[in-house]
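A quick write-up on the structure given underneath.
2 protein chains.
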Amino acid sequence: MADQLNERSQHILEAIVKDYIAFAEPVGSRAITKRHQFNLSPASVRNVMADLEDMGLLCSPHTSAGRIPTEKGFQYYIDSLLQVRNLTEKERRQLQESYRFSGMKMEDIMQEVGRILSGLSKYAGLVMVPKFATTVFRQIEFVRLSHRRLLVIYVSETGLVQNKIIQTEADLDNRQLEKISNFLNHELNGLTITQVREKLKKEMQQEMSLYDQLRKNALQLSCAALQDEVEDQLFVSGASLMLEHPEFSSPDQMRRLIQAFESKKILLELLDRSQSAQGVQIFIGSESECVDLQGCSLISANFSNKKGAIGALGVIGPMRMDYSQVIPIVDFTAQLVSRVLDDEADQS
Amino acid sequence: MADQLNERSQHILEAIVKDYIAFAEPVGSRAITKRHQFNLSPASVRNVMADLEDMGLLCSPHTSAGRIPTEKGFQYYIDSLLQVRNLTEKERRQLQESYRFSGMKMEDIMQEVGRILSGLSKYAGLVMVPKFATTVFRQIEFVRLSHRRLLVIYVSETGLVQNKIIQTEADLDNRQLEKISNFLNHELNGLTITQVREKLKKEMQQEMSLYDQLRKNALQLSCAALQDEVEDQLFVSGASLMLEHPEFSSPDQMRRLIQAFESKKILLELLDRSQSAQGVQIFIGSESECVDLQGCSLISANFSNKKGAIGALGVIGPMRMDYSQVIPIVDFTAQLVSRVLDDEADQS
DNA sequence: GTTAGCACTCTTGTCAGATGAGTGCTAAAG
DNA sequence: CTTTAGCACTCATCTGACAAGAGTGCTAAC
Chain A
402 MADQLNERSQ HILEAIVKDY IAFAEPVGSR AITKRHQFNL SPASVRNVMA
452 DLEDMGLLCS PHTSAGRIPT EKGFQYYIDS LLQVRNLTEK ERRQLQESYR
502 FSGMKMEDIM QEVGRILSGL SKYAGLVMVP KFATTVFRQI EFVRLSHRRL
552 LVIYVSETGL VQNKIIQTEA DLDNRQLEKI SNFLNHELNG LTITQVREKL
602 KKEMQQEMSL YDQLRKNALQ LSCAALQDEV EDQLFVSGAS LMLEHPEFSS
652 PDQMRRLIQA FESKKILLEL LDRSQSAQGV QIFIGSESEC VDLQGCSLIS
702 ANFSNKKGAI GALGVIGPMR MDYSQVIPIV DFTAQLVSRV LDDEADQS
Chain B
402 MADQLNERSQ HILEAIVKDY IAFAEPVGSR AITKRHQFNL SPASVRNVMA
452 DLEDMGLLCS PHTSAGRIPT EKGFQYYIDS LLQVRNLTEK ERRQLQESYR
502 FSGMKMEDIM QEVGRILSGL SKYAGLVMVP KFATTVFRQI EFVRLSHRRL
552 LVIYVSETGL VQNKIIQTEA DLDNRQLEKI SNFLNHELNG LTITQVREKL
602 KKEMQQEMSL YDQLRKNALQ LSCAALQDEV EDQLFVSGAS LMLEHPEFSS
652 PDQMRRLIQA FESKKILLEL LDRSQSAQGV QIFIGSESEC VDLQGCSLIS
702 ANFSNKKGAI GALGVIGPMR MDYSQVIPIV DFTAQLVSRV LDDEADQS
């Protein structure tokens with residue numbers, strides 16, 4: 402598609418997108434010739450603009466307004482015209498400064514990363530820590546709450562902690578629980594939760610034939626503890642910053658946007674999609690297939706440690722977002738977070 | 402103050418407040434005589450309304466609009482005129498039905514309670530679980546993440562779980578950690594976290610003289626784990642429902658409201674205040690001393706188990722909220738939650 | 001191919017006038 | 001002395017008209 406446009410059209414499209422990003426208003430032919438130094442008259446620009454509109458890259462809200470880029474126009478801009486500026490050394494250092502998370506637990510780190518993303522970009526920051534299922538089992542502990550209620554705590558290799566209350570059939574005392582947890586810790590060490598589940602399932606089928614009471618109890622407990630899916634965790638920061646932008650100034654759009662942020666479901670789906678890919682991903686407007694997020698773009702990237710992908714983070718803002726600024730921020734942040742997590746893994 | 406008004410004035414004030422709650426529009430003298438069966442002409446009603454305005458209970462947005470209740474007017478209505486309807490048996494049963502939380506951990510319960518509150522009231526639901534400091538210590542566990550990084554998990558008597566990553570000076574192996582946790586569990590059992598902190602502080606002062614290495618390690622670890630304040634947790638549900646109401650229809654007010662909800666700080670302060678009191682509390686409008694929550698009211702109540710207050714929950718809505726409906730919901734919900742928590746405590 | 005010129009379209013803002021809801025006051029009725 | 005009908009007055013809201021301004025598309029000239 403990049404080849405369909407000659408140089409002049411590209412220049413003009415770029416100018417329009419940039420001006421629209423800057424001013425959030427339809428941009429007209431005269432405005433462009435003024436602000437950018439083409440040696441062209443407004444009339445010539447108009448001709449090009451008409452072509453671009455025919456190609457579906459621009460549209461005009463009404464006859465006598467300027468043009469605004471369509472979704473396709475933004476897409477083209479991002480794919481072919483956008484030059485992502487690199488972060489200056491100073492900015493990199495500033496970012497690194499904010500990422501001193503040693504001694505914080507996973508949840509708090511993620512919350513904080515979201516806040517930083519939102520603060521830097523002036524849009525909403527998202528961080529997702531995905532389903533526990535994809536993490537590697539490290540340790541399980543039992544805390545006896547009452548005679549048949551147990552608190553199960555399991556820890557992943559990356560330091561993620563999940564806890565859950567389960568009811569037991571038998572009343573197990575602390576000595577027994579300790580034995581069970583020792584047994585399980587030894588038995589399940591190094592497996593992903595998904596693998597753990599499979600293993601448990603397999604063994605459960607043979608359970609009838611088990612004479613070893615310890616093993617039997619252990620099996621039952623761990624099944625109860627790990628059986629159901631734990632939901633993805635999503636941290637959202639700075640949703641209210643979105644409301645500052647003129648495209649969401651109507652009460653109706655505000656409501657929709659806030660609802661979308663509140664339900665979190667849609668955001669999770671989007672981030673989940675980016676999970677599969679490498680590097681920075683950009684979802685524009687209705688790609689999200691969600692009415693409530695119409696007019697929004699998401700810039701996301703995965704973070705991981707040496708053992709593989711852990712989660713995704715990103716920034717969500719109006720389609721008219723300052724991509725050249727936000728993309729490197731998201732990119733570098735994902736790298737930094739990955740590094741932080743790696744460092745922690747290294748220590749073990 | 403209740404005595405300052407004669408019966409007629411009270412009736413009229415009540416009618417105005419009710420109509421304003423129902424229609425969210427200034428109510429005029431004619432409208433009142435139509436909707437309510439006083440045997441009075443609009444003119445008479447007008448006289449009374451003028452008096453009520455002089456007393457600061459009503460105000461008019463402009464000369465030719467009807468009157469709306471002031472904050473003071475709402476206050477008077479709630480203090481003296483409001484008749485809280487009781488929940489029907491059916492409603493009680495429905496509520497109880499939704500409160501089957503057995504086997505859920507504290508956090509999830511609270512999240513769910515918030516959702517239910519918001520769903521029933523059609524306003525925003527709040528649940529606060531207060532600082533860990535006020536809870537009773539039950540158990541501490543250590544999980545070794547790497548050679549000098551430990552995950553500390555501590556559990557309160559009510560089943561609250563907190564975890565934290567700490568750096569240790571010495572490299573402790575699992576055997577040592579087990580001894581330490583056994584020691585601490587025995588030593589600190591039954592104390593509130595505040596008491597635990599005091600005790601640790603006292604013992605730390607004598608630390609120099611300690612020859613017992615175990616004790617020394619235990620002290621250091623528990624200090625690192627418990628030293629800093631854990632923040633109150635606040636669960637907010639249905640904030641977007643607030644945006645449906647006409648008083649927040651202007652973009653500006655929406656922004657402010659969402660900001661207030663996002664920061665959570667103000668909400669926490671408000672709920673904290675209600676912590677000290679018994680029964681249902683009502684904060685009206687600018688009582689909250691917060692511009693962003695102008696025009697809002699909070700109805701809150703504490704919940705507790707036999708060992709004392711645990712947290713607070715409530716509903717936040719426009720000042721023009723349907724108090725007679727929401728108050729019993731909040732009240733009964735607090736009772737139900739308390740009962741659920743008691744039941745769990747009973748089992749131990 | 002480029003551009004100046006011009007007619008045309010459509011939004012925005014303003015202003016006047018009409019409408020209607022609601023008030024406050026006064027004077028008459030109960 | 002209380003109540004109420006009547007009336008003048010205020011003020012927000014709606015309407016239509018009109019002007020201004022921004023921007024376009026087309027055409028003809030360069």
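Same order as they appear, the protein sequences are chains A and B. With the numbering used here, letter number 118 in the first sequence gets 519, and the count goes up by one each step, no holes. With the numbering used here, letter number 278 in the second sequence gets 679, and the count goes up by one each step, no holes. Idealized CB from N, CA, C, for every residue including glycine.
What does a CB cutoff of less than 8 Å around residue i pick up in its chain, not counting 5 residues either side in sequence?
i, result
"Leu601(B)", "Leu620, Ser623, Cys624 and Leu627"
"Val727(A)", "Ser522, Tyr524, Ile700, Val716 and Gly718"
"Ser519(B)", "Ala525, Gly526, Ser638, Gly639, Leu642 and Val716"
"Met402(B)", "Residue confidence is low: Met402(B) scores 49 on pLDDT, short of 50, so the model does not pin down where it sits. Its coordinate-derived value is still stated next. Closer than 8 Å at Cβ, skipping near neighbours: Tyr477, Asp480 and Ser481."
"Arg550(B)", "Ile566, Ile567, Gln568 and Thr569"
"Asn487(B)", "Pro729"
For residue i, does the count of other Cβ atoms within 10 angstroms reach 16, so buried, or fall short, so exposed?
i, result
"Asp572(B)", "exposed"
"Ala525(A)", "buried"
"Asn618(B)", "buried"
"Glu450(B)", "Checking the displayed sequence, the identity of residue 450(B) turns out to be Met instead of Glu. Buried is the call here."
"Ser557(B)", "buried"
"Leu615(A)", "exposed"
"Lys565(B)", "buried"
"Arg545(A)", "buried"
"Lys707(A)", "exposed"
"Ser442(B)", "exposed"
"Lys491(A)", "exposed"
"Asp455(A)", "exposed"
"Leu444(B)", "This sequence places Ala at residue 444(B); Leu is not what is there. So Ala444(B) ends up on the exposed side."
Going by C-alpha to C-alpha distance, which of the options sits closest to residue i?
i, options, result
"Thr595(B)", "Ile683(B), Gly639(B), Val514(B) and Phe538(B)", "Phe538(B)"
"Ile469(B)", "Leu737(B), Arg721(B) and Pro729(B)", "Arg721(B)"
"Asp509(A)", "Ser410(A), Leu458(A), Gln634(A) and Asp455(A)", "Gln634(A)"
"Ile659(B)", "Gln682(B), Leu694(B), Ala678(B) and Gly686(B)", "Leu694(B)"
"Gly591(B)", "Lys506(B), Thr536(B) and Phe636(B)", "Thr536(B)"
"Asn583(B)", "Lys603(B), Glu542(B), Ser547(B) and Val692(B)", "Glu542(B)"
"Leu406(B)", "Leu488(B), Leu458(B) and Asp420(B)", "Leu458(B)"
"Gln676(B)", "Leu714(B), Ile685(B) and Ser465(B)", "Leu714(B)"
"Cys691(B)", "Ile683(B), Arg657(B), Gly712(B) and Val741(B)", "Arg657(B)"
"Asp723(B)", "Ile422(B), Ile413(B) and Leu414(B)", "Ile422(B)"
"Leu742(A)", "Leu546(A), Gly712(A), Pro729(A) and Glu670(A)", "Gly712(A)"
"Phe662(B)", "Glu498(B), Met507(B) and Phe636(B)", "Phe636(B)"
"Asn419(A)", "Arg447(A), Gln484(A) and Leu561(A)", "Correcting the residue type first, residue 419(A) is Lys in the shown sequence and not Asn. With distances taken between Cα atoms, Lys419(A) lies closest to Gln484(A)."
"Cys697(A)", "Ala735(A), Lys532(A), Arg740(A) and Leu644(A)", "Leu644(A)"
Quick one: what's got a C-beta closer than 7 Å to residue i's C-beta in the same chain, skipping five residues either side?
i, result
"Lys523(B)", "Leu642"
"Asp732(B)", "Val681 and Ala702"
"Arg409(B)", "Val449"
"Glu604(B)", "Leu620"
"Asn575(B)", "Arg545"
Assuming residue i is part of the beta strand (DSSP E), what are its boundary residues?
i, result
"Arg486(B)", "Element bounds for Arg486(B): n/a, residue is neither H nor E."
"Gln634(B)", "Gln634 to Ser638"
Report all residues from its chain with a CB closer than 6 Å to the CB of residue i; omit the five preceding and five following residues, and keep chain order.
i, result
"Leu737(B)", "Tyr500"
"Ser749(B)", "Here Ser749(B) scores only 48 on pLDDT, less than 50, and its place in the model is too uncertain to base an answer on."
"Ala710(A)", "Asn703"
"Ala416(B)", "Ile433 and His437"
"His412(A)", "none"
"Lys506(B)", "none"
"Pro647(A)", "Ala425"
"Ser461(B)", "Arg468"
If I follow the unbroken alpha helix (DSSP H) through residue i, where does it start and stop?
i, result
"Phe502(A)", "Taken as a continuous stretch (DSSP letters only), Phe502(A) belongs to no alpha helix (DSSP H), as it is neither H nor E."
"Phe424(A)", "Glu408 to Phe424"
"Ser430(B)", "Ser430 to Arg436"
"Gln596(B)", "Ile594 to Gln606"
"Gly467(A)", "Here Gly467(A) belongs to no alpha helix (DSSP H), and DSSP marks it neither H nor E."
"Gln346(B)", "Lying outside 402 to 749, the shown extent of chain B, residue 346(B) is not represented and no answer is given."
"Asp455(B)", "Pro443 to Asp455"
#### Entry: Length-filtered (3 minimum) beta strand (DSSP E) runs lying within the region 514-538 of chain A
525-530
### Message
To test your reading of the DSSP string, which unbroken alpha helix (DSSP H) runs of 4 or more residues are found completely within the region 552-580 of chain A?
### Response
Runs found: none.
### Query
Quick one: complete alpha helix (DSSP H) runs, 4+ long, within the region 663-716 of chain B?
666-676
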